[in-house]
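In this note's numbering, the protein residues as written are 764 to 888.
Taking it in order: structure first as structure tokens, then the write-up.
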């Protein structure tokens, strides 16, 4: 215990997409149990509220902030909020994403396209 005392952890995707323990929720609680202060970014703040309750019940500190990782300004605002509150970020956990069944051959083009419409490739790619 206490291996992360005085560390600041930014977890993007700190809620859970369903009931119970998702990866983001579990990491937030475990990092808090180790002494870290948590900044929890989440698109679904209702899911993040349960994470915050669990972190605080474990004796931890958590600040929640809305974030949409497909929007650069939203991500920038999350980082700025973390810096304003704690002055630094020691650990970054990017726990967002999605999945759909199938691989590149089986997956419908529409499913594939929705997952990647927010990406911008360099012009020399």
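Beta carbons: idealized from backbone N, C-alpha and C, even for Gly.
Quantities reported herein were computed from a predicted structural model and do not represent experimental measurements.
Residue interval of the beta strand (DSSP E) (run including residue 857): 854-857
Throw me the rounded Cβ distance for the residue 790 and residue 774 pair, which I believe falls under 8 Å. 6 Å
Determine the burial state of residue 856: buried for a count of at least 16 other Cβ atoms within 10 Å of its Cβ, exposed for fewer. buried
Between which two residues does the beta strand (DSSP E) harbouring residue 773 extend? Residues 771-775.
Look up residue 792 in the DSSP assignment and say whether it is helix, strand or coil. In the three-state reduction of the DSSP assignment, residue 792 falls in the helix class, which pools H, G and I.
Got a sec? Which residues, its chain only, sit under 8 Å from residue 840 by beta carbon, not counting five neighbours each side? 828 and 830
Please name the residue or residues paired with residue 829 in a DSSP beta bridge. 805
Rounded separation between residue 842 and residue 805 - CA only: 12 Å
Give me the DSSP bridge partner(s) of residue 824. 800
So, does the CB of residue 791 fall closer than 8 Å to a CB anywhere in chain B? Going by chain labels, chain B is absent from the structure shown, which holds only one protein chain.
Mapping DSSP to helix, strand and coil, what is residue 841? helix
Euclidean distance between Cα positions of residue 813 and residue 788: 8 Å
Report, in whole angstroms, the separation of the C-beta atoms of residue 803 and residue 767, which I expect to be a contact under 8 Å. Contact flag wrong, Cβ pair sits at about 15 Å.
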